[in-house]
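Note sheet for the following structure.
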Amino acid sequence: MKKALLSVLLLGALVLPSYSLGIGAAFTPNFGFTSNVSSSPAGAALTLKLDSAPYVFGFGASLGTGYSAVGFTADLWMAKGKLIDFLNYYAGPGIYLGLAGNNNDFRMNGGLRIPIGVNAFLLNNTLELFLELAPAFGILLADPVRFPTLGLQGAFGFRFWF
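Numbering-wise (this note's numbering), the sequence shown opens with residue 1 and increments by one.
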């Protein structure tokens, strides 16, 4: 774990001189809507974006009573633009992967998602606030395997730009 964190920090240090980096946190609520899958608890995520690339990455965790989960998302912002003076929109395809379990149960799920969101830049473009919803379609690898699974993922949070 320490090596992975050190690798991410080193990569960030190498990339920072060339690009602006947005790094922040997001709250990931549980909407209670997931077809054929036990709902995971609400959680938190680390979010990363380079200004020169249309990709956004999220690394999240949820801790519940006797049930915990970790997840990863990678999205491609194919459509983006200005809604009004300070408010922008974005949308595009993405993927997700999640691992969850407790002492008696382990589940892995993954699939496709379509994040649709809005964001605003404040404080001379050093702070970005965002809100997104993402319909999700995937597979649950558990006992038994379930396909298809439908869900609604979401996040709201912030990124500081360096």
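The beta carbon of each residue, even a glycine, is placed where N, CA and C say it ideally should be.
Note that the structure is a prediction, hence the values are computed from the model and not measured.
Where residue i sits in the DSSP three-state scheme
i	result
Asn36	Any reading at Asn36 needs caution, since the residue's pLDDT is 43, under 50, leaving its predicted position unreliable; the model's value is listed next. Three-state DSSP puts Asn36 in coil, outside helix and strand.
Tyr89	strand
Val118	strand
Ala25	strand
Leu140	strand
Phe147	strand
Gly66	coil
Phe162	coil
Leu123	coil
Identity of the residue in the options nearest residue i by Cα
i	options	result
Tyr89	Ile95, Ile116, Gly111 and Arg107	Ile116
Leu97	Ala120, Lys82, Tyr19 and Phe59	Phe59
Ile23	Pro29, Thr47, Ala42 and Gly43	Thr47
Leu127	Leu83, Tyr67, Ala74 and Phe158	Phe158
Leu99	Lys82, Leu123, Tyr67 and Phe86	Tyr67
Gln153	Phe86, Phe72 and Leu133	Leu133
Ala79	Phe106, Ile114, Pro144 and Phe86	Ile114
Phe121	Asn102, Ala142, Gly81 and Asn103	Gly81
Ala69	Leu83, Asp85, Asn103 and Ile84	Asn103
Gly64	Leu83, Arg107, Ile84 and Gly101	Gly101
Leu123	Gly71, Phe86 and Ala25	Phe86
Opposing strand residues paired with residue i [DSSP bridges]
i	result
Pro135	Leu152
Gly60	Ala45 and Gly71
Tyr55	Leu76
Unbroken beta strand (DSSP E) run spanning residue i, endpoints
i	result
Asn109	Phe106 to Arg113
Leu99	Gly94 to Gly101
Thr47	Gly43 to Leu50
Ile84	First-last for Ile84: undefined, no H or E at that position.
Close beta carbons around residue i, own chain, < 6 Å, minus the five adjacent residues each side
i	result
Gly138	Asn109, Gly110, Gly111 and Thr149
Trp77	Pro54, Tyr90 and Gly92
Thr28	Gly43, Ala45, Gly60 and Ala155
Asn119	Asn88, Glu128 and Phe130
Cβ-based neighbour list, residue i, same chain, cut-off 7 Å, excluding 5 preceding and 5 following
i	result
Tyr19	Leu50, Asp51 and Ser52
Ala74	Tyr55, Phe57, Gly94 and Ile95
Proximity test, residue i beta-carbon vs the ligand PLP heavy atom, cut-off 8 Å
i	result
Gly94	The model on display carries no ligand, and the ligand PLP is accordingly not part of it.
Cβ shell of residue i (< 8 Å), same chain only, five flanking positions each side left out
i	result
Asn125	Trp161
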